[in-house]
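Asker: For the sequence shown, this note's numbering assigns the number 22 to the initial residue and increments by one for each residue that follows.
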Amino acid sequence: MNTELRRARNRQMFIFLLVCVSMMLLLGRLYYWQVLQSQDGYHLAQLANAEHIQNLIVNAPRGLIYDVNGQLLATNVVRDDVYIEPIQFVVDHPDVDRSQGELQLLVHTLHQVLPDLSEDKLLKDFSSGRSTVRIAGPIDPSQSQQLRNLHLPDVFLEPRTWRTYPGGNLAAQVLGYVQDGQGVYGIEGKYNKLLSGKPGSLTAETDLNGNPLIVGASSTQSAISGANLTLTIDSTIQYIVQTGLANAVKSLEAQSGTAIVIDVHTGAVVAMAGEPTFDPNQYGSYAYLKGCLGNEDVYFNPALYCDYEPGST
């Protein structure tokens with residue numbers, strides 16, 4: 022009897038010690054988080070907030086570029102990029118045999134709307150095993166509308182602001198172009214900081230999926246639009262000079278040429294042309310082309326960057 026009583030007391034003592042050790046560990050952990058890990062007592066709250074607070078950069082609209090008469094030389098348009106979700110498609114279509122037919126139909130429909138995309142390429146993209154794949158962009162507004170009307174599964178559109186040049190190659194070497202939001206060459210490059218403006222920010226509470234909550238706390242710092250620039254270039258004179266120069270270079274079988282027109286009363290440059298030239302809307306297509314007698318990329322303005330031997334006129 023005494024032996025059983027002693028064993029019972031030992032068990033009670035063991036349980037008591039175990040509870041004490043557990044309490045000490047718990048108190049030690051609380052002390053670590055509340056005191057050692059936080060100077061102001063808000064460390065845990067900050068960690069919790071970080072889990073559902075999202076900080077977003079709001080890009081500033083890029084400034085516009087006008088000619089001397091107010092005609093647009095460079096502006097911004099919103100166009101859609103097209104994305105697919107390969108992994109989500111697999112999740113949404115667990116029946117492998119049936120999913121192949123549905124995938125073929127989806128790919129065929131995408132090809133009908135976006136004929137530049139081959140069905141083989143689309144099938145390869147859907148087999149990539151990636152969460153998202155950008156398959157096209159920017160696309161025409163009519164194509165965007167078609168895709169919206171079709172409500173294709175695991176396909177979504179992402180609007181993006183693109184720099185566009187209404188005159189095509191008009192004064193292209195004067196203007197330069199924009200790549201990944203940064204001005205390159207010409208006016209776009211020289212005055213990039215002025216044209217870019219100042220980005221804003223958006224801080225918002227989000228749900229578990231990272232989507233902003235309409236009723237959640239948020240704060241916004243508005244973006245400051247880039248400055249607009251007005252050049253001394255006259256689009257009409259620029260077109261006449263540019264066309265005449267291109268014809269002269271072609272007829273004389275010259276390697277390149279440059280022409281500048283200056284207002285004799287003010288010294289303002291009203292036209293500045295180089296040949297060969299490029300279209301800043303499709304600048305990547307001209308990477309192979311050389312100007313300045315073959316010494317520089319066609320993107321350089323030959324009137325400013327190219328050396329020529331002095332000669333009579």
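Note that beta-carbon positions come from the ideal geometry of N, C-alpha and C, so glycine has one too. What you are looking at is a predicted structure, and each value in this text was computed from that prediction instead of being measured.
Going by CA-CA distance only, name the one from 39, 150, 123, 159 that's closest to residue 137.
Answerer: Locating residue 137 in the sequence shown gives position 116, where the first residue counts as 1. Comparing Cα-Cα distances from residue 137 to each of 39, 150, 123, 159, the minimum goes to 159.
Asker: Would you tell me roughly how many angstroms separate the C-alpha atoms of residue 255 and residue 107, rounded to the nearest one?
Answerer: By 1-based counting over the sequence shown, the position of residue 255 is 234. By 1-based counting over the sequence shown, the position of residue 107 is 86. When rounded, the distance between both Cα atoms is 50 Å.
Asker: Identify the residues that DSSP records as bridge partners of residue 294: which are they?
Answerer: Counting from one through the sequence shown, the residue named residue 294 turns up at place 273. Answer is 280, bridged to residue 294.
Asker: Hey, how far is the Cα of residue 134 from the Cα of residue 122?
Answerer: Here residue 134 is taken as the residue at index 113 of the sequence shown, counted from 1. Here residue 122 is taken as the residue at index 101 of the sequence shown, counted from 1. Straight-line Cα distance between these residues: approximately 19 Å.
Asker: Using CA atoms only, rank isn't needed, just tell me which of 130, 139, 217 is closest to residue 182.
Answerer: Position 161 of the sequence shown holds residue 182. Measuring from the Cα of residue 182, the nearest candidate turns out to be 217.
Asker: Taking the alpha-carbon of residue 81 as reference, which of 246, 324, 268 has the nearest alpha-carbon?
Answerer: Within the sequence shown, the letter at position 60 stands for residue 81. Taking only the C-alpha atoms, the option nearest residue 81 is 246.
Asker: Taking the alpha carbon of residue 270 as the point to measure from, which residue in 209, 184, 298, 114 has its own alpha carbon closest?
Answerer: Translated into the one-based positions of the sequence shown, residue 270 becomes position 249. Comparing Cα-Cα distances from residue 270 to each of 209, 184, 298, 114, the minimum goes to 298.
Asker: Are the segment 297-311 and the segment 183-195 in contact at 8 Å, needing three or more beta carbon pairs?
Answerer: Taking 8 Å as the limit for Cβ pairs, the verdict is that the segment 183-195 does touch the segment 297-311.
Asker: Do the segment 161-180 and the segment 263-280 meet, that is, are 3 or more Cβ pairs less than 8 Å apart?
Answerer: The answer is no - the segment 263-280 does not touch the segment 161-180, with fewer than three Cβ pairs under 8 Å.
Asker: Spatial neighbours of residue 317 within its chain, please: C-beta separation below 8 Å, excluding the five flanking residues on both sides.
Answerer: Within the sequence shown, numbered from 1, the residue matching residue 317 stands at position 296. Around residue 317: 311, 323, 326, 327.
Asker: What residues in its chain sit with their C-beta under 6 Å from that of residue 180, if we drop five residues either side in the sequence?
Answerer: Position 159 of the sequence shown, counting from 1, holds the residue named residue 180. Around residue 180: 99, 101.
Asker: So, at 6 Å on beta carbons, what are the nonlocal neighbours of residue 273 in its own chain, with the 5 sequence-adjacent residues on each side left out?
Answerer: The residue labelled residue 273 in the question sits at position 252 within the sequence shown. The answer is none, since no qualifying residue turns up.
Asker: Please name the residue in 104, 195, 199, 306 whose C-alpha comes closest to that of residue 253.
Answerer: What you label residue 253 is simply residue 232 of the sequence shown in a count that begins at 1. Comparing Cα-Cα distances from residue 253 to each of 104, 195, 199, 306, the minimum goes to 195.
Asker: Are the Cβ atoms of residue 215 and residue 84 separated by less than 9 Å?
Answerer: To locate residue 215, count along the sequence shown from 1; it is residue 194. To locate residue 84, count along the sequence shown from 1; it is residue 63. Result yes, Cβ atoms of residue 215 and residue 84 sit closer than 9 Å.
Asker: Report buried or exposed for residue 140, applying the criterion of at least 16 other Cβ atoms within 10 angstroms of its Cβ.
Answerer: Stepping through the sequence shown from its first residue, residue 140 is reached at position 119. By the 10 Å Cβ count, residue 140 comes out exposed.
Asker: How would you write the range of the beta strand (DSSP E) that residue 177 sits in, first residue to last?
Answerer: Taking the first residue of the sequence shown as 1, we reach residue 177 at position 156. First-last of the beta strand (DSSP E) with residue 177: 176-185.
Asker: On the DSSP letters alone, give me the boundaries of the alpha helix (DSSP H) that residue 19 sits inside.
Answerer: No statement about residue 19 is possible, as the shown extent of the chain runs from 22 to 334 and does not include it.
Asker: Would you say residue 128 and residue 144 are within 9 Å of each other, going by their C-beta atoms?
Answerer: Indexing the sequence shown from 1 puts residue 128 at position 107. Indexing the sequence shown from 1 puts residue 144 at position 123. The answer is yes: Cβ separation under 9 Å.
Asker: Grouping DSSP H, G and I as helix and E and B as strand, with all else coil, what is residue 12?
Answerer: Coverage of the chain is limited to positions 22 through 334, which leaves residue 12 absent and any answer about it impossible.
Asker: Between the Cα of residue 78 and those of 30, 114, 168, 221, spot the shortest distance and give me the residue it belongs to.
Answerer: Position 57 of the sequence shown, counting from 1, holds the residue named residue 78. Closest by alpha carbon: 221.
Asker: Based on Cα-Cα distance, which residue from 167, 163, 119, 109 lies nearest to residue 146?
Answerer: As a working note, residue 146 is residue 125 in the sequence shown. It is 109 whose Cα lies nearest to the Cα of residue 146.
Asker: Spatial neighbours of residue 87 within its chain, please: C-beta separation below 8 Å, excluding the five flanking residues on both sides.
Answerer: Numbered from 1 along the sequence shown, position 66 holds the residue referred to as residue 87. Cβ within range, chain order: 93, 94, 249, 250, 251, 252.
Asker: In three-state terms, what does DSSP make of residue 42?
Answerer: Sequence index remark: in the sequence shown, residue 42 carries index 21 (1-based). DSSP places residue 42 in helix when its eight states are reduced to three.
Asker: Compare the C-beta of residue 35 against all C-beta atoms of chain C and say whether one is closer than 9 Å.
Answerer: Among the chains of the structure shown, chain C does not appear; only one protein chain is present.
Asker: Can the beta-carbon of residue 191 be found less than 9 Å from the beta-carbon of residue 259?
Answerer: In the sequence shown, residue 191 corresponds to position 170, counting from 1. In the sequence shown, residue 259 corresponds to position 238, counting from 1. In contact: residue 191 and residue 259 (Cβ atoms closer than 9 Å).
Asker: What number of angstroms, rounded off, separates the C-alpha of residue 156 from the C-alpha of residue 209?
Answerer: What you label residue 156 is simply residue 135 of the sequence shown in a count that begins at 1. What you label residue 209 is simply residue 188 of the sequence shown in a count that begins at 1. So the alpha carbons of these two residues sit roughly 28 Å apart.
Asker: Apply the 10 Å Cβ neighbour rule to residue 309 and answer buried if 16 or more other Cβ atoms are within range, or exposed otherwise.
Answerer: The count along the sequence shown starts at 1 and reaches residue 309 at position 288. Its Cβ having fewer than 16 others within 10 Å, residue 309 is exposed.
Asker: Smallest Cα separation from residue 224: which of 212, 241, 211?
Answerer: Residue mapping note: residue 224 aligns to position 203 of the sequence shown, counting from 1. That would be 241, whose Cα lies nearest to the Cα of residue 224.
Asker: Check residue 163 in the structure and name its three-state DSSP category.
Answerer: Counting from one through the sequence shown, the residue named residue 163 turns up at place 142. Three-state result, residue 163: helix.
Asker: In whole angstroms, what is the alpha-carbon distance linking residue 205 and residue 120?
Answerer: For the purposes of this step, residue 205 is taken as residue 184 along the sequence shown, with counting starting at 1. For the purposes of this step, residue 120 is taken as residue 99 along the sequence shown, with counting starting at 1. If you take the alpha carbons of residue 205 and residue 120, they lie about 46 Å apart.
Asker: Check for me: the alpha helix (DSSP H) holding residue 194 runs from which residue to which?
Answerer: Position 173 of the sequence shown, counting from 1, holds the residue named residue 194. Element bounds for residue 194: 193-196.
Asker: What are the boundary residues of the alpha helix (DSSP H) that includes residue 102?
Answerer: As a first step, residue 102 is located in the sequence shown; it is residue number 81 there, counting from the start. From DSSP, residue 102 is part of no alpha helix (DSSP H) but of the beta strand (DSSP E) over 93-105.
Asker: Per DSSP, residue 86 forms a beta bridge with which residues?
Answerer: Translated into the one-based positions of the sequence shown, residue 86 becomes position 65. Its beta-bridge partners are 95, 250.
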